[in-house]
Amino acid sequence: MTDAAPARKSRPGWSRATLLAHAFTVLFLLAWWGYSKIVPAYQLPGPWLVAQRIVTFLRDPDEMRELGLSVVHVGVAIAIAFGLGCALAALAHWVRPFRLLIDGRLTPFLNAFSGIGWLFLGILWFGLDSFTVIFAVTLILLPFTIINVRTGLQEIDSDLLELGRSLSRNRFRSAVKIVIPLLVPYLFAALRNSFGVSWKVVLTAELFGGNAGVGYLLNVARQQFDTETIFAIIAFILIFVACAEIVVFRPIQRALDRRYARG
Amino acid sequence: MADATKSARDRLLQHLIAEGAIVAALLAWWAASRSLPVYVLPPPQTVARAMLRFVTDPQIAYHALVSFARVIASVAVATMVGLAIAAAVRAAPVLDAVVERRILTFLNSFPSVGWAILGVVWFKISTPTVLFIQTAIILPFCIINILAGFRQIDRDLDELGASLTRSPLRRFFKLTLPLIAPFLMAGIRIAYGICWKIALVSELFGASSGIGYLLMRAQSTSDAAMVFGCCLVIVAIYTATDHLILKPLAARFSVNQGLTS
Chain A
624 MTDAAPARKS RPGWSRATLL AHAFTVLFLL AWWGYSKIVP AYQLPGPWLV
674 AQRIVTFLRD PDEMRELGLS VVHVGVAIAI AFGLGCALAA LAHWVRPFRL
724 LIDGRLTPFL NAFSGIGWLF LGILWFGLDS FTVIFAVTLI LLPFTIINVR
774 TGLQEIDSDL LELGRSLSRN RFRSAVKIVI PLLVPYLFAA LRNSFGVSWK
824 VVLTAELFGG NAGVGYLLNV ARQQFDTETI FAIIAFILIF VACAEIVVFR
874 PIQRALDRRY ARG
Chain B
1094 MADATKSARD RLLQHLIAEG AIVAALLAWW AASRSLPVYV LPPPQTVARA
1144 MLRFVTDPQI AYHALVSFAR VIASVAVATM VGLAIAAAVR AAPVLDAVVE
1194 RRILTFLNSF PSVGWAILGV VWFKISTPTV LFIQTAIILP FCIINILAGF
1244 RQIDRDLDEL GASLTRSPLR RFFKLTLPLI APFLMAGIRI AYGICWKIAL
1294 VSELFGASSG IGYLLMRAQS TSDAAMVFGC CLVIVAIYTA TDHLILKPLA
1344 ARFSVNQGLT S
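Quick mapping for you: the protein sequence lines, in order, are chains A and B. Positions in the first sequence are counted from 1; adding 623 to them yields my numbering. Positions in the second sequence are counted from 1; adding 1093 to them yields my numbering.
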């Protein structure tokens, strides 16, 4: 390693790369618009029609209620998976006898289990309702959370832990003051991962196993061949997730990277 | 010496708990299934029989093979596309923002069921539709990993390669590919897993064959034993292939990497 590659400088104004990115967006929309002129509207509605449908979607209180329900499904599933995942990872880390059970049996099993499988089992057991949706999404998220938190616990510097022990005999105190702060980047990664995955799968879960939520709307639109609504819902979710990523997760990630950079 | 016996006892205890928990779970399943109807919780032996049909019944085995072939094909296609996109970024770094901030953001935020519905609307029900859906779902994971692989290549090594041969193809196979192999393998492993776990949704919509289709059919006929069987067969196929093929491959390539850097 001689001189490290200089970090990309952010110049004022738009750099060429940013310009190109915007040009790409415009080109993409143009291509979409042009192609939608050629093929029938039920195959590919144009961007303008889809934008209009998104606006009516935002104005319709019933449809917004379904969106709210989807947010609830995602939120509850992330919270349960996070709590349970942290608990299992902690158990594997601090209670040695359980380590093989969790690391060697439970996590690989959960990791190999199909998401669709959980969904169909949920339908068998709980019928078509929100509980099934939350059940399926939670179990899909659980292995991701366990693996992330487990990695974090394994990476914690044992020297730092020893330092902690020499400073305070109180295990609870050293946990709060040392372990948890060191884990923050991994906990955050787990949450960020969960957020992305959950939005990807929650629509599937609601479509097959739910009677509420955006996925349910998607199912109705699918049965009526209402492609405009299908596109509007997909575009809306896309924008929603991308905005959450850009506005919430990336700035936090950058702050964490700065705070935890090893230098 | 004392340490050795202690750690041996420790390991024994861990195995005892791990294997004991599995036996306990099976026993609990068996006990619970006695008081519950078969369409809610079929007993373990019925499920085992359903799983056995994947080996003995050629028609059922065919569905599993079809799914397997589709997964392999999609992972191959996604890896190729990922390589092409990442190589383009490397050749023209200006494209970095386009790929990172547009294409990846787009693919990452796209709900998987969206691809499934659109695939069927656009291409009807067929195997290419399934491949399209699965490839679209796993593509971002491939791109992210291959991009990371290309980024860590030492510029000096690249220059060395350029001074040794003029053939870009030769340079790619002899230099670039071995250097990005660990990242490529990591991407393939993740994509393979996602394909089995999530992208199987494509077979619920877009196919009249495969394990996803089987699962759907079992669900609509309330054949709970088959639903369980399909789930566990997926676990078995994924675990076996990951342990026997992908994990050793990943380990081998990461050892290579350790020597060169």
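Cβ atoms here follow ideal geometry from the backbone N, Cα and C, with glycine treated the same way.
{"query": "Chain-ordered neighbours of Leu1106 (chain B) on chain A, where CB pairs are closer than 7 Å", "result": "Pro720"}
{"query": "Close Cβ partners of Leu1272 (chain B) (< 6 Å) along its chain, the five nearest in sequence each way excluded", "result": "Ile1246"}
{"query": "The segment 754-767 of chain A touching the segment 791-799 of chain A, judged by at least three CB pairs closer than 8 Å", "result": "no"}
{"query": "Same chain, Cβ closer than 7 Å to Thr1222 (chain B), five either side skipped, listed in chain order", "result": "Gly1212, Val1213, Phe1216, Gly1299"}
{"query": "Short-range partners of chain A found in the segment 1202-1226 of chain B, where Cβ spacing is below 7 Å", "result": "Ser1202, Phe1203, Pro1204, Ser1205, Val1206, Gly1207, Ile1210, Val1214, Trp1215"}
{"query": "Length of the line joining the Cα atoms of Ala835 (chain A) and Ser693 (chain A)", "result": "8 Å"}
{"query": "C-alpha distance - Leu742 (chain A) paired with Tyr1132 (chain B), whole-angstrom precision", "result": "15 Å"}
{"query": "Residues that Phe732 (chain A) contacts on chain B, provided the C-beta gap is smaller than 7 Å", "result": "Val1328"}
{"query": "Selected residue, minimal CA-CA separation from Leu890 (chain A), among A:Phe647, A:Gln846, A:Phe705, A:Gly698", "result": "Since the first residue shown for chain A is 624 and the last is 886, residue 890 (chain A) is missing from the structure and cannot be characterised."}
{"query": "Interface residues of the segment 1163-1186 of chain B facing chain A [CB-CB below 7 Å]", "result": "none"}
{"query": "The segment 817-826 of chain A touching the segment 1204-1211 of chain B, judged by at least three CB pairs closer than 8 Å", "result": "yes"}
{"query": "Residue burial classification, Val756 (chain A) (beta-carbon count within 10 angstroms, cutoff 16)", "result": "buried"}
{"query": "Partner residues on chain B for Arg639 (chain A), Cβ-Cβ distance less than 8 Å", "result": "Val1187"}
{"query": "Euclidean distance between Cα positions of Tyr1306 (chain B) and Ala1143 (chain B)", "result": "16 Å"}
{"query": "Ser633 (chain A) to Asn1238 (chain B) span [Cα, whole Å]", "result": "Interpretation of Ser633 (chain A) is limited by its pLDDT of 48, a score under 50 that renders its predicted location unreliable; the figure taken from the coordinates is listed afterwards. Approximately 25 Å, taken between the alpha carbons."}
{"query": "Counted within 10 angstroms of its Cβ, other Cβ atoms place Thr1228 (chain B) as buried (16 or more) or exposed", "result": "buried"}
{"query": "Start-end ranges of the alpha helix (DSSP H) lying completely within the segment 657-718 of chain A, minimum 4 residues", "result": "670-682, 684-717"}
{"query": "Ala640 (chain A) versus Val1164 (chain B) - alpha carbon distance", "result": "35 Å"}
{"query": "Residues within the segment 638-663 of chain A neighbouring chain B, beta-carbon criterion of under 7 Å", "result": "Arg639, Ala640, Thr641, Leu643, Ala644, Phe647, Thr648"}
{"query": "Same chain only: Cβ atoms within 7 Å of Pro1135 (chain B), ignoring 5 sequence neighbours per side", "result": "Ser1126, Ala1317, Ala1318, Phe1321"}
{"query": "Sub-7 Å separation of Ala828 (chain A) and Val760 (chain A) beta-carbons", "result": "yes"}
{"query": "Alpha-carbon spacing of Val1170 (chain B) relative to Leu1277 (chain B), whole angstroms", "result": "13 Å"}
{"query": "Reference Pro731 (chain A), options B:Leu1200, B:Leu1145, B:Asp1335, B:Cys1323, closest by Cα", "result": "B:Asp1335"}
{"query": "Buried or exposed (CB count within 10 angstroms, at least 16 for buried), Leu1145 (chain B)", "result": "exposed"}
{"query": "Coil, strand or helix - Tyr839 (chain A) by DSSP", "result": "helix"}
{"query": "Minimum C-alpha distance to Asn1201 (chain B) - residue among A:His645, A:Asp726, A:Leu861", "result": "A:Leu861"}
{"query": "Beta carbon proximity, Phe743 (chain A) to chain B, threshold 7 Å", "result": "yes"}
{"query": "Pick from B:Cys1323, B:Thr1149, B:Trp1123, B:Ile1236 that is closest to Ile1283 (chain B), judged by C-alpha positions", "result": "B:Ile1236"}
{"query": "Straight-line Cα distance separating Ala735 (chain A) from Lys1290 (chain B)", "result": "7 Å"}
{"query": "Where the alpha helix (DSSP H) through Glu1252 (chain B) begins and ends", "result": "1248-1257"}
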